[in-house]
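Take a look at the structure below.
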Amino acid sequence: MSSAVAATKRAAAAVARVPPPMAMLAELTHRCPLACPYCSNPIALTPGEEELSTEEWIDVFRQAAALGVLHLHLSGGEPAARRDLVELTRAAVALGLYTNLITSGVGLTEARINDLTAAGLDHVQLSIQGVSAESADRIGGYKGGYQRKMAVANWVVGAGIPLTVNAVCHRQNMGEIDAMIALAIRLGARRVEIATVQFHGWAERNKAALLPTREQVEAATRTVAAAREKYQGTLVIDYVPADYYSQYPKACMGGWGRVGLNVTPSGRVLPCHAAETIPRLTFKTVRDGALSEIWYASDAFNAYRGEAWMPELCRSCERKHVDFGGCRCQAMALAGDASTTDPVCIRSPLRERLTRDTDQLTAMSSATLRYRGR
Ligand code: SF4
Ligand code: SF4
Numbered sequence: 002m003s004s005a006v007a008a009t010k011r012a013a014a015a016v017a018r019v020p021p022p023m024a025m026l027a028e029l030t031h032r033c034p035l036a037c038p039y040c041s042n043p044i045a046l047t048p049g050e051e052e053l054s055t056e057e058w059i060d061v062f063r064q065a066a067a068l069g070v071l072h073l074h075l076s077g078g079e080p081a082a083r084r085d086l087v088e089l090t091r092a093a094v095a096l097g098l099y100t101n102l103i104t105s106g107v108g109l110t111e112a113r114i115n116d117l118t119a120a121g122l123d124h125v126q127l128s129i130q131g132v133s134a135e136s137a138d139r140i141g142g143y144k145g146g147y148q149r150k151m152a153v154a155n156w157v158v159g160a161g162i163p164l165t166v167n168a169v170c171h172r173q174n175m176g177e178i179d180a181m182i183a184l185a186i187r188l189g190a191r192r193v194e195i196a197t198v199q200f201h202g203w204a205e206r207n208k209a210a211l212l213p214t215r216e217q218v219e220a221a222t223r224t225v226a227a228a229r230e231k232y233q234g235t236l237v238i239d240y241v242p243a244d245y246y247s248q249y250p251k252a253c254m255g256g257w258g259r260v261g262l263n264v265t266p267s268g269r270v271l272p273c274h275a276a277e278t279i280p281r282l283t284f285k286t287v288r289d290g291a292l293s294e295i296w297y298a299s300d301a302f303n304a305y306r307g308e309a310w311m312p313e314l315c316r317s318c319e320r321k322h323v324d325f326g327g328c329r330c331q332a333m334a335l336a337g338d339a340s341t342t343d344p345v346c347i348r349s350p351l352r353e354r355l356t357r358d359t360d361q362l363t364a365m366s367s368a369t370l371r372y373r374g375r
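If you read the sequence shown in the working numbering, its first letter stands for residue 2, the second for the next number, and so on.
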């Protein structure tokens, strides 16, 4: 058998074992009134006139439900910037999808929350940028944002919709984790998600100002452990630690093309939020073909499925089914090669360099924040 035929057979066998996606992140728009310096959206944002129409989004939801998607995350940008948010939610609920709105809160009114409740919205994730108006509005680049978030949390909880508070932590607010957890409790949240900044999009440009120090990360781990004990049964605390200080990489997206997919405002279908940073891949849009065909058969989704693509280091490693070789976009960003072992891994030949670079960056004390363009 020629090697090309064998490779084709291997690829076909791998595709045959691909399960359907469980979750879809619908980035309804890139428009957003905030300007967070840690925003992971692309530097070149999709203009409003290129966004999918209401009918196109509903058709994408229909295809997703037929494909097996259970959870639909309505995100952005700021999804409330879409005038049809209630209509989209209602359509998704009617298709049997569990709907989760991921929002900064800006653009939501009490009347709109009530309409979303009536439409059947299942869950809200509200982002906070800090624990006071001063810190939150400074990081979010939007005056008055904090007050609006407090009001939105109140309306959401009052409407009986389960609330999760999302907080991205970084060098500028890492000392506030305790206070973020306390704020989540005051707001009536059932869950708080504290995620250390990931360096994609605008965050990459602000790395020197946002990368937490080793001491901050160690203190944060202790804070989260103590809070989990203290608030057991009251609040679920999810914590995504800083992987630059971890021994092993995270299983990004639960593995490439294994669990979920993203659809961008203009309909490009991606295996993960940052996948467009990998230049060798081209991504189809829902205007080019069916979602199921893109999930099962497109080159981009099959590029890093299974083990055939893995470097020997990962292929022969006992953790390959735990972390799948780490994050492809991080390998691209740090090593310039998306097919290599994630440089965060202690077994990677690039790990030492990453540790050196991290120490150098965190030693720079006065880097200025560059706010996301709107
Ligand atoms: S991270 Fe901030 S700027 Fe980016 S979409 Fe979310 S709220 Fe808007
Ligand atoms: S060598 Fe590869 S599979 Fe093994 S732990 Fe490191 S990244 Fe994961």
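For every residue, glycine included, the Cβ atom is placed at its ideal position computed from N, Cα and C.
Taking 8 Å as the cut-off, does the segment 127 to 136 touch the segment 55 to 74 (at least 3 CB pairs, one atom from each stretch)?
The segment 55 to 74, when compared against the segment 127 to 136, does not touch it at the 8 Å Cβ threshold.
Please determine, among 202, 45, 96, the residue with the shortest C-alpha to C-alpha distance to residue 61.
Just measuring C-alpha positions, the residue of 202, 45, 96 sitting nearest residue 61 is 96.
Can residue 260 and residue 22 be called in contact, C-beta distance under 8 Å?
Cβ atoms of residue 260 and residue 22: closer than 8 Å.
Contact under 8 Å by Cβ, residue 334 with residue 205
Taking 8 Å as the cut-off, the Cβ atoms of residue 334 and residue 205 count as close.
Under 6 Å Cβ to Cβ from residue 363, same chain only, skipping five residues before and after it: list those, please.
212, 214, listed in sequence order.
Candidates 57, 64, 180, 34: which alpha carbon is nearest residue 295's?
Among 57, 64, 180, 34, the Cα nearest to that of residue 295 belongs to 64.
Does any C-beta atom of chain D lie closer than 8 Å to the C-beta of residue 145?
Of the chains in the structure shown, none is chain D; there is only one protein chain.
Determine the extent of the alpha helix (DSSP H) in which residue 19 is found, giving its start and end residues.
No alpha helix (DSSP H) contains residue 19, which DSSP labels as neither H nor E.
May I have the straight-line CA-CA distance separating residue 349 from residue 331, to the nearest angstrom?
Looking at the backbone, the Cα of residue 349 and that of residue 331 are separated by about 13 Å.
With 16 other Cβ atoms within 10 Å as the buried cut-off, status of residue 1
Outside the displayed span of the chain (2 to 375) sits residue 1, for which this structure offers no information.
Residue of 347, 365, 107, 112 minimising C-alpha distance to residue 250
Its Cα nearest to that of residue 250, the residue 347 stands out among 347, 365, 107, 112.
Residue 30 - DSSP class collapsed to helix/strand/coil:
Note: residue 30 maps to coil in three-state DSSP.
Only counting the same chain, and skipping five residues up and downstream in sequence, which positions put a Cβ closer than 7 Å to that of residue 314?
By the criterion of a C-beta distance shorter than 7 Å, residue 314 is surrounded in its chain by 342, 348, once the five residues flanking it on both sides are discounted.
Is residue 249 near ligand 2 - that is, is its Cβ less than 7 Å away from at least one heavy atom of it?
Within the cutoff, so yes.
Three-state secondary structure assigned by DSSP to residue 348:
In the structure shown, residue 348 sits in coil (DSSP, three-state: anything other than H, G, I, E or B).
Residue(s) in a DSSP beta bridge with residue 130:
Under DSSP, residue 130 takes part in no beta bridge, so it has no partner.
Measure the C-alpha to C-alpha separation of residue 360 and residue 179 and round it to an integer number of angstroms.
Going from the Cα of residue 360 to the Cα of residue 179 covers about 25 Å.
For residue 195, which residues does DSSP report across the bridge?
Residue 195 pairs with 168, 240.
Could you name the residues of the same chain whose beta carbon sits closer than 8 Å to that of residue 98, not counting the 5 residues immediately before and after it, in chain order?
Excluding sequence neighbours, residue 98 sits near 62, 65, 66, 70, 71, 72, 73.
Inter-residue spacing [alpha-carbon to alpha-carbon] between residue 357 and residue 242:
Cα-Cα distance, rounded: 19 Å.
According to DSSP, what are the bridge partners of residue 283?
DSSP lists no partner for residue 283.
Confirm, please, whether the CB-CB distance from residue 171 to residue 39 is below 8 Å.
With contacts defined by Cβ atoms closer than 8 Å, residue 39 and residue 171 form a contacting pair.
Nearest by alpha-carbon distance to residue 47: which of 56, 26, 77, 19 is it?
Residue 77 is the option with its Cα nearest to residue 47.
Tell me where the alpha helix (DSSP H) around residue 455 begins and ends.
The shown model of the chain, from 2 to 375, leaves out residue 455, and the question about it has no answer.
Hey, is residue 253 close to ligand 2, as in C-beta under 7 Å from one of its heavy atoms?
No.
Simplified DSSP state of residue 212, which is helix, strand or coil
Coil.
Residues with a Cβ closer than 6 Å to any heavy atom of ligand 1, in chain order?
The answer, residue by residue, is 33, 35, 36, 37, 40, 42, 77, 78, 79, 105, 128, 373.
With 16 as the cutoff for other CB atoms within 10 Å, does residue 50 come out buried or exposed?
Residue 50 should be labelled exposed.
Use the C-beta contact count for residue 173: other C-beta atoms within 10 angstroms, 16 or more gives buried, fewer gives exposed.
In summary, residue 173 is buried, with 16 or more beta-carbon neighbours lying within 10 Å of its beta-carbon over all protein chains present.
What does residue 270 pair with, by DSSP beta-bridge criteria?
DSSP output for residue 270 lists 264 as bridge partner(s).
If I'm right that residue 306 touches residue 257 with Cβ under 8 Å, what's the distance once you round it to whole angstroms?
Contact flag correct, Cβ pair sits at about 6 Å.
Measure the CB-CB distance between residue 26 and residue 263 and report whether it falls below 8 Å.
Using a Cβ distance threshold of 8 Å, residue 26 and residue 263 count as a contacting pair.
What does residue 103 pair with, by DSSP beta-bridge criteria?
126.
Would you list the one or two residues that DSSP bridges to residue 75?
Per the DSSP secondary-structure output, residue 75 pairs in a beta bridge with 27, 102.
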